[in-house]
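These notes are about the structure you will find just below.
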Amino acid sequence: MTASTLRAWLLSDAPRSRLQARAGQAYLRWISFKTNPLALVGLAIVVVLLLMAAFAPLIATHDPLAQSLDHRLRPPSATNWFGTDALGRDIFSRVVHGTRITLVVVLFVVVTVGPLGLLIGATAGYAGGWVDTVLMRVTDIFLAFPRLILALAFVAALKPGIENAVIAIALTAWPPYARVARAEAMVIRNADYIAAVRLQGASATRIVLLHVMPLCTPSLIVRTTLDMAGIILTAAGLGFLGLGAQPPLPEWGAMIATGREQIFDQWWVATAPGIAICVVALGFNLLGDGLRDVLDPKQSQ
Amino acid sequence: MNLARIGTAVGREVATVAVTFLGLLLVTFFIGRVVPIDPVLAAVGDRAPMDVYERVKIELGLDRPLWEQFWLYLVKVFQGDLGKSVLTSNTVAADIKRVFPATIELATLGTILGVVIGVPAGVVAAVNRGKWIDQVVRVVGLFGYSVPVFWLGLMGLLLFYRMLDWVNGPGRLGVAYEDIVDPITGMLVVDAMLRGEWEVARNAFGHLILPACMLGYFSLAYVSRMTRSFMLEQLKQEYVITARVKGLSERRVVWRHALGNAWVPLITVIALSYANLLEGSVLTETVFAWPGLGRYITNSLLNADMNAVLGGTLVVGVVFIGLNLLSDILYRLVDPRAR
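Here the protein sequences line up with chains G and R, keeping their order.
So the first sequence is numbered by our numbering: it starts at 7 and just counts up by one.
So the second sequence is numbered by our numbering: it starts at 8 and just counts up by one.
Structure follows, in structure tokens:
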């Protein structure tokens, strides 16, 4: 199939199959996404992040954990691009390997929080009545806490570590998702096709799981992408305070914490991981902004 | 008649707040007593001798059923008793009373800076929608959503304290100025000015300004973004066209009429941003060695001092709820349609 026939197939007004219709819709969205340069920058940053994480051992010039006390606190040079830290470890290699930790944290949080928030929100929105009231009150209570402080208290009770940091962030991150899903579900439950499914005798569980939840998903994807930066910043904050990933793991927040003592004399130790956090968070924010314009036009200006 | 209706609305609001507050207590209770593997150990620390351990276990009422423990916890909190801090050996309530003004001072100046710069920036961006100045405001705002506050603080110290020497370093006051001013409000700059100690006030302000600017930047990012979006909404309305047709100057239309209406939802945004700064202060205070509530919480945390951590968490949660309630009430007072 040549490029032009593929384009014609994608843009066809009368799609022959479900696949063709879906592919065509995705293509149209891509076309409008493509016109937003900032969103493309965001996409590029996220793609580079994924590639870096996948090929970290190939990209890194040194072993991220190898100490070399003869080479401690060297400024950036041809051999150590971002310099070395107090234990003589190569900061560039540590930043590169740090992408893996960042991605793992974000992935685990999103995988737990998305479905949980979706389930709670869709149930509350579809059921209404006292179920809605109770679930939303619980959500409000969690929203009433500042996120980082609640996560701090959880980690303090659970003992510091990267697994507990993930649990703590997940426990504090779900309420906004539940809110978004509920708002969607309240609109969807009055739709004709839901009434049709109900008349066919579908149970409430089936309706929520198979018919309400899938339709709440697009706005949740947007919400998730916009939330990624917040998750990364919270995880880095926990790492900075010594409550997230433990040494010698090359977590960016923890790396900034170790560079804190040398900030005035060896500025590069804390600078590189900080820039890495900024770039990645900015990438997710730009991508999320662009996705919102395409997937969720109601929400955008 | 109208006042009565506001009364019922406020009453309902207060009831909601009460339920939220109860939930807040339930969460802190859960974190303190149920999540840790050994709550006694969490309360007394690892190195406590056996008899202390046994005594505290009974003191904490851990031999009783959970609901009874929760009830005891509730009663204590309402008596203002948040337990004792292992680290400072004061009561947690006294500790918080001592450190909280420092945080308020920081967050208040941060919010003022954020609003004073953020609101005009948002208005200008909305008026010039799509032009370069709009893009600048947008990127500055997005960057604020992406930069870790603790890192920005370190970079700020490096640049403005070490390299340029424009501001004073970490801490709240130079050593030479300590213990000159008796506290009135607990906010050093204010106290020094009230007592007429201008040298002290100057020094304290030099310490305060950099962390406040850091927090102010985060407030600015949020406030300018929301102002822009509220202003765009207002500028589309018909009364704006009417005002223009009437021949009012563009400046008057934008800054008086449109912004006047945009203020209503902005109140909520500013309250939320203030609450967020209290949270941002946890990391900022650590970087700047600022002796406020955030540093108190993290210090206690690193020393496994659970009473202090939960007390601090509870206070921040209460402030959060309080600010939400306040913004709701203000909203009703300012906007006649919401009455």
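All C-beta atoms, glycine included, are put in the ideal place defined by N, C-alpha and C.
Practice prompt. Using a Cβ-Cβ cut-off of 8 angstroms, state whether cysteine 284(G) counts as contacting chain R.
Written response: For this step, residue 284(G) is matched to residue 278 along the first sequence. At least one chain R Cβ lies under 8 angstroms of cysteine 284(G).
Worksheet entry | Which of helix, strand or coil DSSP assigns to threonine 85(G) | Counting from one through the first sequence, the residue named residue 85(G) turns up at place 79. Residue state, collapsed to three classes: coil.
Practice prompt. Answer yes or no: do threonine 192(R) and leucine 247(G) have a C-beta to C-beta separation smaller than 8 angstroms?
Written response: Start at 1 with the first residue of the second sequence, and residue 192(R) comes out as number 185. Start at 1 with the first residue of the first sequence, and residue 247(G) comes out as number 241. No, Cβ-Cβ distance for threonine 192(R) and leucine 247(G) is not below 8 angstroms.
Discussion item. Let me see if you follow: with CB-CB separation under 8 angstroms, is tryptophan 273(G) close to chain R or not?
Written reply: Within the first sequence, the letter at position 267 stands for residue 273(G). Answer yes: the Cβ-Cβ gap between tryptophan 273(G) and chain R drops below 8 angstroms somewhere.
Worksheet item: Is methionine 354(R) buried or exposed, if buried means 16 or more other CB atoms sit within 10 Å of its CB?
Response: This structure does not reach residue 354(R), given that chain R is present from 8 up to 346, and the question cannot be answered.
Practice prompt. Below 7 angstroms CB to CB, which residues in the same chain sit around leucine 81(R) once its five sequence neighbours on both sides are set aside?
Written response: Residue numbering aside, residue 81(R) sits at position 74 when the second sequence is read from its first letter. Result list for leucine 81(R): Leu32, in chain order.
Worksheet item: Which chain G residues are close to isoleucine 111(R), counting only those with a beta carbon under 9 angstroms from its beta carbon?
Response: Locating residue 111(R) in the second sequence gives position 104, where the first residue counts as 1. Those do not exist, as isoleucine 111(R) stays about 15 angstroms from chain G at its closest Cβ, beyond 9 angstroms.
Worksheet item: So the alpha helix (DSSP H) glutamate 75(R) belongs to, where does it begin and stop?
Response: Here residue 75(R) is taken as the residue at index 68 of the second sequence, counted from 1. 73 to 85 is the extent of the alpha helix (DSSP H) around glutamate 75(R).
Worksheet item: What is the DSSP secondary structure of aspartate 76(G), reduced to helix, strand or coil?
Response: Here residue 76(G) refers to the residue found at position 70 when the first sequence is read from its first residue. In the structure shown, aspartate 76(G) sits in a helix (DSSP, three-state: H, G or I).
Worksheet entry | Cβ shell of glutamate 332(R) (< 7 angstroms), same chain only, five flanking positions each side left out | Your numbering for residue 332(R) matches position 325 in the second sequence. As written in the sequence, residue 332(R) is leucine, which differs from the glutamate given in the question. Around leucine 332(R): Glu20, Val24.
Worksheet item: Three-state secondary structure (DSSP) at lysine 253(R)?
Response: The residue given as residue 253(R) occupies position 246 in the second sequence. Coil.
Worksheet item: Which residues in the same chain have their Cβ closer than 8 angstroms to the Cβ of leucine 56(G), if we skip the five residues on either side of it in sequence?
Response: Start at 1 with the first residue of the first sequence, and residue 56(G) comes out as number 50. Once the five neighbours on either side are set aside, the close Cβ partners of leucine 56(G) are Leu109.
Item to complete: Starting from the Cα of proline 279(G), find the closest Cα among Phe88(G), Arg153(G), Phe148(G), Ala162(G) and give me that residue.
Response: Here residue 279(G) is taken as the residue at index 273 of the first sequence, counted from 1. Of the listed residues, the one whose Cα sits closest to proline 279(G) is Phe88(G).
Discussion item. Is isoleucine 311(G) close to chain R? Criterion is C-beta to C-beta, closer than 8 angstroms.
Written reply: Residue 311(G) is absent from the model: chain G starts at 7 and stops at 307.
Worksheet item: In the structure shown, what three-state DSSP assignment does threonine 108(G) receive?
Response: Taking the first residue of the first sequence as 1, we reach residue 108(G) at position 102. Helix at threonine 108(G).
Fill in: Minimum C-alpha distance to leucine 330(R) - residue among Gly68(R), Val276(R), Ala132(R), Ser236(R)
Position 323 of the second sequence, counting from 1, holds the residue named residue 330(R). For leucine 330(R), the nearest C-alpha among the options comes from Val276(R).
Discussion item. Looking only at its chain, what residues have a beta carbon closer than 8 angstroms to the beta carbon of arginine 259(R), apart from the 5 residues adjacent to it on each side?
Written reply: Working through the second sequence from its first residue, we reach residue 259(R) at position 252. Closer than 8 angstroms at Cβ, skipping near neighbours: Ala250.
Practice prompt. May I ask you to list, following chain order, the residues of the stretch 176 to 194 of chain G that have a beta carbon less than 8 angstroms from some beta carbon of chain R?
Written response: none
Practice prompt. Starting from threonine 98(R), follow its DSSP beta bridges and name the residues at the other end.
Written response: Here the question's residue 98(R) lines up with position 91 in the second sequence. Answer is Lys91(R), bridged to threonine 98(R).
Worksheet item: Beta carbon of alanine 174(G), beta carbon of valine 316(R): below 8 angstroms?
Response: Counting from one through the first sequence, the residue named residue 174(G) turns up at place 168. Counting from one through the second sequence, the residue named residue 316(R) turns up at place 309. Their beta carbons are not under 8 angstroms apart, which means alanine 174(G) does not touch valine 316(R) by this criterion.
Worksheet item: Near proline 254(G), which residues of its chain fall below 6 angstroms by C-beta distance, leaving aside the five closest residues on each side in sequence?
Response: Start at 1 with the first residue of the first sequence, and residue 254(G) comes out as number 248. The residues are Leu71.
Worksheet item: Along chain G, in chain order, which residues have C-beta atoms closer than 9 angstroms to that of methionine 194(R)?
Response: Looking up residue 194(R) in the second sequence gives position 187. Here the premise fails: no neighbours, minimum Cβ distance about 21 angstroms.
Discussion item. Which of the three DSSP states is assigned to aspartate 96(G) in this structure?
Written reply: Residue mapping note: residue 96(G) aligns to position 90 of the first sequence, counting from 1. Strand.
Practice prompt. Using alpha carbons as the reference points, say which of Leu165(R), Ala16(R), Val154(R) lies closest to tryptophan 273(G).
Written response: Sequence index remark: in the first sequence, residue 273(G) carries index 267 (1-based). Among Leu165(R), Ala16(R), Val154(R), the Cα nearest to that of tryptophan 273(G) belongs to Leu165(R).
Worksheet entry | Rounded Cβ spacing between glycine 265(G) and leucine 244(G) (contact assumed at less than 8 angstroms) | Your numbering for residue 265(G) matches position 259 in the first sequence. Your numbering for residue 244(G) matches position 238 in the first sequence. No, glycine 265(G) and leucine 244(G) are not in contact; Cβ-Cβ is about 17 angstroms, not under 8 angstroms.
Practice prompt. Mind checking the stretch 298 to 329 of chain R against chain G and listing, in chain order, the residues whose C-beta falls within less than 8 angstroms of any C-beta there?
Written response: Ile304, Thr305, Leu308, Leu309, Ala311, Met313, Val316, Leu317, Gly319, Thr320, Val323, Gly324, Phe327, Ile328
Item to complete: Take leucine 239(R) and list the residues in its own chain whose beta-carbon comes closer than 6 angstroms to its own, dropping the five residues that flank it on each side.
Response: Start at 1 with the first residue of the second sequence, and residue 239(R) comes out as number 232. Closer than 6 angstroms at Cβ, skipping near neighbours: Ala133.
Worksheet item: In this structure, does DSSP put threonine 129(G) in helix, strand or coil?
Response: In the first sequence, the residue the question calls residue 129(G) occupies position 123. The answer is helix: DSSP assigns threonine 129(G) an H, G or I state.
Practice prompt. Determine the DSSP secondary structure at threonine 90(G), reduced to helix, strand or coil.
Written response: Here residue 90(G) is taken as the residue at index 84 of the first sequence, counted from 1. Threonine 90(G) falls in the strand class under three-state DSSP.
Discussion item. Just verifying my parser: in three-state terms, what is the DSSP assignment at valine 154(R)?
Written reply: What you label residue 154(R) is simply residue 147 of the second sequence in a count that begins at 1. In the structure shown, valine 154(R) sits in coil (DSSP, three-state: anything other than H, G, I, E or B).
Worksheet entry | Cβ pair count under 8 angstroms reaching 3, the stretch 203 to 211 of chain G against the stretch 140 to 152 of chain G | no
Worksheet item: For leucine 249(G) versus proline 166(G), is the C-beta spacing smaller than 8 angstroms?
Response: Along the first sequence, one-based indexing puts residue 249(G) at 243. Along the first sequence, one-based indexing puts residue 166(G) at 160. Yes, they are a contact pair.
Fill in: Short CB-CB distance (under 8 angstroms) between isoleucine 121(R) and chain G
Counted from its first residue, the second sequence places residue 121(R) at position 114. Residue 121(R) is actually glycine in this sequence, not isoleucine. No, its Cβ sits nowhere closer than 8 angstroms to a Cβ of chain G.
Discussion item. Quick check on valine 174(R): does DSSP put it in helix, strand or coil?
Written reply: As a position in the second sequence, residue 174(R) is number 167, starting the count at 1. It is coil, neither helix nor strand.
Worksheet item: Mind pulling the chain R residues with CB within less than 7 angstroms of arginine 266(G)?
Response: Here residue 266(G) refers to the residue found at position 260 when the first sequence is read from its first residue. Per Cβ cutoff of 7 angstroms: Leu161.
Fill in: DSSP state of glycine 134(G) mapped onto helix, strand, coil
Along the first sequence, read from residue 1 onward, the residue named residue 134(G) stands at position 128. Coil, per DSSP.
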